[in-house]
Structure formats: C-alpha cells, structure tokens
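A.B. asks: The sequence shown begins at 349 in this note's numbering and counts up one residue at a time.
Glycine included, C-beta positions come from ideal geometry on N, C-alpha and C.
One structure follows; several queries about it will come next.
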Amino acid sequence: MNRPEVICHMASTIDGKIAGESFGAEGLGPYLEFYGKKKQTFKANATAYGASTTKEIFVGKGKENFKGTTPVTDESDFICGEDAPYFVIAIDPLGEIPWKSGKPEGRQGLEEARIIVITSTKASKEYLGLLREKEIAYLISRGSEFRLSEPLEKLESIFGIERISLQGGGLVNGTFANEKLIDKLSLVVIPFVDSSSSVPTTFETGSFFKHPISPLEFKLKEMQKIEPDGLWLFYERK
C-alpha cells in the first residue's frame, strides 16, 4: 500500500492521559515547548486530528456539533487545494465539525494550509454541502466499518502528502493504530499522574471497531530527558 508515513506525536502524563488538570499545571512550559520544537524536526507536510480536537482548535471549544438529516448515498469525493504547501487532515466520520472557514484559522504558520476532511457515509449530505461551500476537500470512507487505509492512499496519490504528524485525540490515534497505520511514535511524557478515569489516554477504542483488536508492537529507538523532569521516547513499529 502506497500511503504517507505516519508519526504519532503526543504529550501525555506518566499514566498515559492526554488531557485533564495536569495540562494546566504550573511548570508545564518546558515540556510543551519541547513538544512543539520536536514536531518541526519530522518534516511532515500534514497534521491529522480527530473531530473533537479539530473542532476545539479551529472552531472553538464548546461549539455545538453540525447536524444534518439526509443520509449520504452515492456522493463522490470532493477534491480541491491539491497544490497547498501544508494540509490539516480532520478525521470526522460522523460529519460533526461546524466549519467556519475553508482554512485552518487561528494557528500561526498555517496561513497557506488547506483542510482535508476524511468522513464516512454516516455523515449527512448537508455536511458535505457545507464542506463544498467552504471549499474544503473531503474523502469518503465507505462500508459498514470506518476505515482509513484507502483515504490515506489518496492523500499520497492526489495531494502528494508524504508524511503525517498524527496528534490525537485518543480515538483517532486508536483508529490509526488498529489499522496498523502508525509507523513511528513520538511521546513526550510530562511528570504528572492523573488517576481520573474520565480523562482520555493516548490510544482509545471507539464504537466504529467491530473486529478483535490486536496489539501493535514498537521498538525503542531513542530517548531523551527533558529538563527538569520530563522524558521523550521515540519508537518505530516492529
């Protein structure tokens, strides 16, 4: 399969939590600064997020999900913006992000980037209409189970995307992992433990998975202490 290389790049607590009170704690600055600088070394030409993370970053936290009623049937992919220097990929199977613009506004350095949505037949025709109106490209995953393999092939063949930085949340990371689509894992471990059971972890399993899940094994390639008390771990898939 010809597809982009996928590097999952995340920051988590010692017990694997990727959100919660720890991420508002005093002293977090050095670890988040390292996280941002390390991403630049990967030379990715796209960043991928799940629907919730995308909405929070580019639309606004607390905004209501988009709602449509007409089922998707025989609609085709919508392609635009193929020549952009960088892409933001939103994994939105249900068609929930209420896009305000066709560009990823509010993030420095992404002024010329374009958005690509990977969705499914569980989205609505109204949602696809919104994407076309905003000139947002979309790829539709078809079938009873949401799959990313074919859309990823199109990301390379149509948009020329060679490397993706996958940055959560946990459900989208789990989706990639369960299809064995993660090639490398870059993990910044911050020196906190969050025992709350309601806080998401680096990898989660959503309702889209109907098959047994097999472990994805990695080998440690590099590690580095982040002063004063953090750790960076870099793995490649076995």
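Three-state secondary structure (DSSP) at K385?
C.D. replies: Stepping through the sequence shown from its first residue, residue 385 is reached at position 37. Three-state result, K385: helix.
A.B. asks: Just to confirm the assignment, what range does the alpha helix (DSSP H) spanning G477 have?
C.D. replies: Looking up residue 477 in the sequence shown gives position 129. 473-481 is the span of the alpha helix (DSSP H), which, as asked, contains G477.
A.B. asks: If we ignore side chains and look at the alpha-carbon of each, how far apart do K300 and E584 end up?
C.D. replies: It is not possible to answer for residue 300, since the shown part of the chain is limited to 349 through 586.
A.B. asks: Beta-carbon separation of Y486 and V465 under 8 Å?
C.D. replies: Start at 1 with the first residue of the sequence shown, and residue 486 comes out as number 138. Start at 1 with the first residue of the sequence shown, and residue 465 comes out as number 117. In this structure, V465 lies closer than 8 Å to Y486 by Cβ.
A.B. asks: Alpha helix (DSSP H) containing A525: first to last residue?
C.D. replies: Start at 1 with the first residue of the sequence shown, and residue 525 comes out as number 177. Where A525 is concerned, the enclosing alpha helix (DSSP H) stretches over 518-526.
A.B. asks: Exposed or buried, D531, counting other C-beta atoms within 10 Å across all chains shown (16 or more means buried)?
C.D. replies: Within the sequence shown, residue 531 is the residue found at index 183, counting from 1. Buried, because 16 or more other Cβ atoms sit within 10 Å of the Cβ of D531.
A.B. asks: What are the boundary residues of the alpha helix (DSSP H) that E498 is part of?
C.D. replies: Along the sequence shown, read from residue 1 onward, the residue named residue 498 stands at position 150. Counting along the chain, the alpha helix (DSSP H) containing E498 begins and ends at 497-505.
A.B. asks: From V420, T421, D431, I355, pick the residue whose C-alpha is nearest to that of S505; which is it?
C.D. replies: For the purposes of this step, residue 505 is taken as residue 157 along the sequence shown, with counting starting at 1. Ranking V420, T421, D431, I355 by Cα distance to S505 puts D431 first.
A.B. asks: I think Y379 touches G578, with their Cβ atoms under 8 Å apart; what is that distance to the nearest whole Å?
C.D. replies: On the sequence shown, position 31 is the one that residue 379 refers to. On the sequence shown, position 230 is the one that residue 578 refers to. That pair is a contact at about 5 Å.
A.B. asks: Determine, using beta carbons only, whether V436 and P446 come nearer to each other than 8 Å.
C.D. replies: Translated into the one-based positions of the sequence shown, residue 436 becomes position 88. Translated into the one-based positions of the sequence shown, residue 446 becomes position 98. No, the Cβ-Cβ distance between V436 and P446 is not below 8 Å.
A.B. asks: From G450 to P539, what does the alpha carbon distance come to, in whole angstroms?
C.D. replies: For this step, residue 450 is matched to residue 102 along the sequence shown. For this step, residue 539 is matched to residue 191 along the sequence shown. The straight-line gap from Cα to Cα measures roughly 38 Å.
A.B. asks: Please list, in chain order, all residues of the same chain as G454 whose beta carbon is under 8 Å from its beta carbon, the five residues on each side excluded.
C.D. replies: Position 106 of the sequence shown, counted from the first residue, corresponds to residue 454. Same-chain partners within the cutoff: I405, F406.
A.B. asks: Hey, would you say K473 sits closer than 8 Å to E423, going by beta carbons?
C.D. replies: Indexing the sequence shown from 1 puts residue 473 at position 125. Indexing the sequence shown from 1 puts residue 423 at position 75. Yes; because the gap between Cβ atoms is below 8 Å, this pair is in contact.
A.B. asks: Starting from E404, trace the beta strand (DSSP E) both ways and give me its first and last residue.
C.D. replies: Sequence index remark: in the sequence shown, residue 404 carries index 56 (1-based). Careful: E404 lies outside any beta strand (DSSP E), inside the alpha helix (DSSP H) at 399-406.
A.B. asks: Have a look at S468 and I439 and give me their C-alpha separation to the nearest angstrom.
C.D. replies: In the sequence shown, residue 468 corresponds to position 120, counting from 1. In the sequence shown, residue 439 corresponds to position 91, counting from 1. Computed Cα separation, rounded: 9 Å.
A.B. asks: For N572, which beta-bridge partners are listed by DSSP?
C.D. replies: For the purposes of this step, residue 572 is identified with residue 224 of the sequence shown, where counting begins at 1. It should be noted that the sequence gives Gln, not Asn, for residue 572. Paired residues: W580.
A.B. asks: Spatial neighbours of E527 within its chain, please: CB distance less than 7 Å, with the 5 preceding and 5 following residues excluded, ordered by chain position.
C.D. replies: Indexing the sequence shown from 1 puts residue 527 at position 179. Correct list, in chain order: R495, L496, S497.
A.B. asks: Should G516 and T401 be called a contact, given that it needs their Cβ atoms to be closer than 8 Å?
C.D. replies: Here the question's residue 516 lines up with position 168 in the sequence shown. Here the question's residue 401 lines up with position 53 in the sequence shown. In contact: G516 and T401 (Cβ atoms closer than 8 Å).
A.B. asks: Could you tell me which of K387, W580, V541, A471 sits nearest to A373, measuring between CA atoms?
C.D. replies: On the sequence shown, position 25 is the one that residue 373 refers to. Answer by Cα proximity: V541.
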